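Here's the structure, in structure tokens; my notes come after.
In this note's numbering, the protein residues as written are 45 to 701.
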């Protein structure tokens, strides 16, 4: 419970998109990196070195277009007209030729500065909606013109909070949402197809490379994570250092954005939807910095500013942040980087991942288990067999059943479309029984195997230059990642952009089968035959229609690359935890141990540099493993079990869900 809050920029009449509703719903749910970007000081910008090199090297083609007969001032006016509504077109126009590219520099710089760094030196305040109709913002925050405007809006909208929500835009988020690097390439590819190009060679290849440079402009211009930063209050000449650096008891996921929010709140009520029992937190509702102007600079830049009489008030923020983190531990641990499981060999990623690890780690990863199991003979699940054996079988008069089984097998074999095969199979119990081994091939097609493939779980906080452990990628894969990383960032982003979702094979197939016969709601309930067919089809399309003969009571996770294994029956964790969870703890790779999960063991902290990253795996039965195992296999069950126990003990609420 609590009031809704909104972070607003009074100068630009904008709202921060990720800070709305109750504070407890968003304060610790995000690191608010975009807010930090908006407040970063605009450092001197110029074209990246690789673009300057393109301008400098080689010859300039003689342009016959009348466009270049225009004076530079008119070309500047064209750029100005493209700015704002036509940002993508602005970049396309810039790469027309070297002459235009040279003129475009200040326009490109302005574009990126406005897109990502536009809130510095602006008045910011976090307003709660418990503000009364007559409640006013701190004295001196609003100009006379703004005060008159608010008074004119009060009659229809009420409080300041309502006025800001209804009249301020969620910029620049709205602008950033539709300006996507890959969207800039769409027109280029359309031009490529229209002109009959068959490969990325020649002029089009140069255009693509140039667009990559532009799309990477933000990344190369931003401050590195390695640089320590400081939040500066320009109005009061006070500053706050990075709270994590200032106080080691504060979780690593807490940032300068959180420090800012604790100091700019404004409401008569201390309803934050956060737990607290500290007077300083209660007083946070009337923040000392509400309505002041801010910027974020590096500590190097601060050293030059401190000579001008600045005051360090870091303790004011860290006291509040430390207390809130302790009192709201369940919420705090949900912060962190996004993680995704990738199959490098099949170029697929595991559905359900690609968000914070704490949001999906404790899920039922049966699909991952099934993908890693070694191919073996299959049979229908118990539910399907029970339906086949229940009741009597109707006498079939169709001439179809006078055909020998070999001919029926040929009919099934001709049905290449999985949906058609399923529809034919549920014609009657006799055909369904006969379809069992044919259904195995359909299931295999839409549920591809991952066994003996290179699997890795990557965090999205990998730096642009961060690479996977040596030997994981082939030389050709390394070159491909390097070429794409220039535009997309790190390995995580490259894989997520180009790899296929593992579930795409299964989910659309299930949906098309269930909806393909055109059963509507009334038919489903009015017809007993429809109801029985729908129930059977649902079972055949679910995640476990078939049971592997190797799916034993106890199984073994085998690392084929390192010849190490984890035994299911030796794990001392709740039954919900499977070998798939054991795998995840060993294949994580990121420079940061931010899992959105609570932990205590040092081994769990080091999980982000997993020993099994990029190795090949399979899951087999205990019986099959006994035949596979030789003296050079090593049991690492105890090592994995300790990490799983730590995660289960420190995150009990996940086991209760």
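Ideal Cβ positions, reconstructed from N, Cα and C, are used throughout, including at glycine.
Model, not experiment: these values are computed from the prediction.
Inset, instruction - Output the distance between the C-alpha atoms of residue 393 and residue 493, rounded to the nearest integer angstrom. - result: Numbered from 1 along the chain shown, position 349 holds the residue referred to as residue 393. Numbered from 1 along the chain shown, position 449 holds the residue referred to as residue 493. When only Cα atoms are considered, residue 393 and residue 493 end up about 13 Å apart.
Legend entry - CB of residue 297 within 8 Å of CB of residue 387, strictly: Taking the chain shown and counting its residues from 1, one reaches residue 297 at position 253. Taking the chain shown and counting its residues from 1, one reaches residue 387 at position 343. No. Outside cutoff.
Legend entry - CA nearest to the CA of residue 293, picked from 382, 146, 362, 139: In the chain shown, counting from the first residue as 1, residue 293 sits at position 249. For the options 382, 146, 362, 139, the alpha carbon positioned closest to that of residue 293 is the one of 362.
Inset, instruction - Determine, using beta-carbon pairs with one atom in the segment 675 to 690 and one in the segment 434 to 442, whether at least three such pairs fall under 8 Å. - result: They do not touch, by the three-pair rule.
Legend entry - Exposure of residue 101, with buried meaning 16 or more beta-carbon neighbours within 10 Å: Along the chain shown, read from residue 1 onward, the residue named residue 101 stands at position 57. By the 10 Å Cβ count, residue 101 comes out exposed.
Inset, instruction - Using the Cα positions of residue 608 and residue 502, report the straight-line distance between them to the nearest angstrom. - result: Here residue 608 refers to the residue found at position 564 when the chain shown is read from its first residue. Here residue 502 refers to the residue found at position 458 when the chain shown is read from its first residue. The straight-line gap from Cα to Cα measures roughly 21 Å.
Inset, instruction - Can you tell me which of the three DSSP states residue 53 falls into? - result: For the purposes of this step, residue 53 is taken as the residue at position 9 of the chain shown. Strand.
Legend entry - Residue environment, residue 329, which counts as buried when at least 16 other CB atoms sit within 10 Å: Against the chain shown, residue 329 aligns to sequence position 285. It is buried - the Cβ of residue 329 has at least 16 other Cβ atoms within 10 Å.
Legend entry - For residue 455, the three-state DSSP class (helix, strand or coil): Taking the chain shown and counting its residues from 1, one reaches residue 455 at position 411. In the displayed model, residue 455 falls within a helix according to three-state DSSP.
Inset, instruction - Could you give the DSSP three-state label for residue 525: helix, strand or coil? - result: Position 481 of the chain shown holds residue 525. Assignment of residue 525 by DSSP, reduced to helix, strand and coil, places it in the helix class.
Legend entry - With 16 other Cβ atoms within 10 Å as the buried cut-off, status of residue 68: Start at 1 with the first residue of the chain shown, and residue 68 comes out as number 24. Only buried fits residue 68, as 16 or more other CB atoms lie within 10 angstroms of its CB.
Inset, instruction - Sort 500, 579, 516, 165 by Cα distance to residue 540 and report the nearest one. - result: In the chain shown, the residue the question calls residue 540 occupies position 496. Minimum Cα-Cα distance from residue 540 among the listed residues 500, 579, 516, 165 corresponds to 500.
Inset, instruction - Between the Cα of residue 81 and those of 54, 51, 464, 341, spot the shortest distance and give me the residue it belongs to. - result: The sequence position of residue 81 within the chain shown is 37, counting from 1. The residue with the shortest Cα to Cα distance from residue 81 is 341.
Inset, instruction - Select from 484, 324, 534, 60 the residue whose C-alpha is nearest the C-alpha of residue 634. - result: For the purposes of this step, residue 634 is taken as residue 590 along the chain shown, with counting starting at 1. Ranking 484, 324, 534, 60 by Cα distance to residue 634 puts 534 first.
Inset, instruction - With DSSP collapsed to three states, give me the class of residue 346. - result: Position 302 of the chain shown, counting from 1, holds the residue named residue 346. Helix.
Legend entry - Three-state secondary structure assigned by DSSP to residue 353: The residue labelled residue 353 in the question sits at position 309 within the chain shown. In this structure, residue 353 counts as coil in the three-state DSSP scheme.
Inset, instruction - Could you say which of 287, 168, 655 lies nearest to residue 310 if we only look at CA atoms? - result: One-based indexing of the chain shown puts residue 310 at position 266. Ranking 287, 168, 655 by Cα distance to residue 310 puts 168 first.
Inset, instruction - Round the Cβ separation of residue 138 and residue 104 to the nearest angstrom and send it over; I've been treating them as touching at under 8 Å. - result: Start at 1 with the first residue of the chain shown, and residue 138 comes out as number 94. Start at 1 with the first residue of the chain shown, and residue 104 comes out as number 60. Between residue 138 and residue 104, the beta carbon gap of about 15 Å keeps them out of contact (Cβ cut-off 8 Å).
Legend entry - Spatial distance of residue 511 from residue 283 (CA atoms): Here the question's residue 511 lines up with position 467 in the chain shown. Here the question's residue 283 lines up with position 239 in the chain shown. Roughly 36 Å between the two C-alpha positions.
Inset, instruction - Just grab the DSSP bridge partners of residue 48 for me. - result: Working through the chain shown from its first residue, we reach residue 48 at position 4. Bridge partners of residue 48: 66.
Inset, instruction - Note down, one range per segment and in chain order, each alpha helix (DSSP H) of at least 4 residues found wholly within the segment 412 to 443. - result: Counting only runs of 4 or more, we get 426 to 433.
Legend entry - Cβ separation of residue 8 and residue 334, assumed to be a contact under 8 Å, to the nearest whole Å: It is not possible to answer for residue 8, since the shown part of the chain is limited to 45 through 701.
Legend entry - From 208, 626, 671, 202, residue whose alpha carbon lies closest to that of residue 60: Walking along the chain shown from the start, residue 60 turns up at place 16. Taking only the C-alpha atoms, the option nearest residue 60 is 208.
Inset, instruction - Jot down the residue ranges of each uninterrupted beta strand (DSSP E) in the segment 648 to 684, minimum 3 residues, whole runs only, in chain order. - result: Every unbroken stretch of the beta strand (DSSP E) spanning 3 or more residues and falling wholly within the segment 648 to 684 is given here in chain order: 661 to 665.
Inset, instruction - For the beta strand (DSSP E) containing residue 601, list its first residue and its last residue. - result: Within the chain shown, the letter at position 557 stands for residue 601. Segment 599 to 603, the beta strand (DSSP E) holding residue 601.
Legend entry - Opening and closing residue of the beta strand (DSSP E) in which residue 169 lies: Position 125 of the chain shown, counted from the first residue, corresponds to residue 169. Residue 169 -> beta strand (DSSP E) spans 166 to 172.
Legend entry - Nearest-angstrom Cα separation, counted from residue 670 out to residue 322: Walking along the chain shown from the start, residue 322 turns up at place 278. Walking along the chain shown from the start, residue 670 turns up at place 626. For residue 322 and residue 670, the gap between their C-alpha atoms comes out near 59 Å.
Inset, instruction - Can you grab the Cα-Cα spacing for the pair residue 480 / residue 432, in whole Å? - result: Indexing the chain shown from 1 puts residue 480 at position 436. Indexing the chain shown from 1 puts residue 432 at position 388. Distance between the alpha carbons of residue 480 and residue 432: 12 Å.
Inset, instruction - Check whether the Cβ atoms of residue 656 and residue 603 lie closer than 8 Å to each other. - result: What you label residue 656 is simply residue 612 of the chain shown in a count that begins at 1. What you label residue 603 is simply residue 559 of the chain shown in a count that begins at 1. Yes, the Cβ-Cβ distance between residue 656 and residue 603 is below 8 Å.
Inset, instruction - Let me know the secondary structure DSSP gives residue 146 once reduced to three states. - result: If you number the chain shown from 1, residue 146 lands on position 102. Looking at residue 146 - three-state DSSP - the assignment turns out to be helix.
Inset, instruction - For the segment 113 to 127 and the segment 140 to 155, state whether three or more C-beta atom pairs, one from each stretch, are separated by less than 8 Å. - result: Touching, per the Cβ criterion.
Inset, instruction - In angstroms with no decimal places, state the Cα-to-Cα distance between residue 348 and residue 660. - result: Residue mapping note: residue 348 aligns to position 304 of the chain shown, counting from 1. Residue mapping note: residue 660 aligns to position 616 of the chain shown, counting from 1. When rounded, the distance between both Cα atoms is 53 Å.
Legend entry - Range covered by the alpha helix (DSSP H) that runs through residue 697: Numbered from its first residue, the chain shown carries residue 697 at position 653. Going by DSSP, residue 697 is part of the alpha helix (DSSP H) stretching over 696 to 700.
Inset, instruction - Could you have a look at residue 689 and say whether DSSP puts it in helix, strand or coil? - result: As a working note, residue 689 is residue 645 in the chain shown. Here residue 689 sits in helix by DSSP.
Inset, instruction - In the DSSP assignment, find the beta strand (DSSP E) that holds residue 386 and state where it starts and stops. - result: As a working note, residue 386 is residue 342 in the chain shown. From DSSP, the beta strand (DSSP E) with residue 386 extends over 382 to 387.
Inset, instruction - Go ahead and label residue 445 buried or exposed: buried means 16 or more other beta carbons lie within 10 angstroms of its beta carbon, across all protein chains shown. - result: Looking up residue 445 in the chain shown gives position 401. Around the C-beta of residue 445, fewer than 16 other C-beta atoms lie within 10 Å, and the residue is accordingly described as exposed.
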